Amino acid sequence: MCVKEVSVENWNQLDQEYVFIYVNPKKVSNKVLVKCLVMNEKLLIDAMNEKLLIDALKEGSSNPAHLEICVRDYTIANESSNYSEQSVVGKTRTEKQREEKTEHYGL
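Going by full-length UniProt numbering, the sequence shown opens with residue 1, and the numbers climb by one from there.
In structure tokens form, the structure reads like this:
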């Protein structure tokens, strides 16, 4: 299976919305439109008690899927906001804490 990463250029060129299409590499024919909105001069992530709210609409469907993600579970305080500089991309806070404890105790 070949997965091609796409560029993120111009993903945020509009002031009030961020939109992208997600394609499952295993089911290329299934496309999902994901749209993020800005509320009260803040991204929805800040306006909704540190939760990222995602509504996505599958191509050809009229019923959007809804997902809430607790941002603190996937971020670390004082971590760079630059994706390429983040040290624990894909790890939850709990996983990072577990690693720190393991290192602290020399395990």
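From the three backbone atoms N, C-alpha and C, an ideal C-beta is built for every residue, glycine too. In this text the structure is predicted, and so the values were computed from the model without any measurement.
Given residue i as reference, the closest of the options once Cα atoms are compared
i           : options                       : result
His66       : Asp73, Val28 and Ile54        : Ile54
Gly60       : Lys27, Asn24 and Lys31        : Lys31
residue 113 : Glu68, Lys27, Arg98 and Tyr22 : With the chain represented from 1 up to 107, any question about residue 113 goes unanswered, as that position is not in the structure.
Extent of the continuous beta strand (DSSP E) run through residue i
i     : result
Glu68 : Ala65 to Cys70
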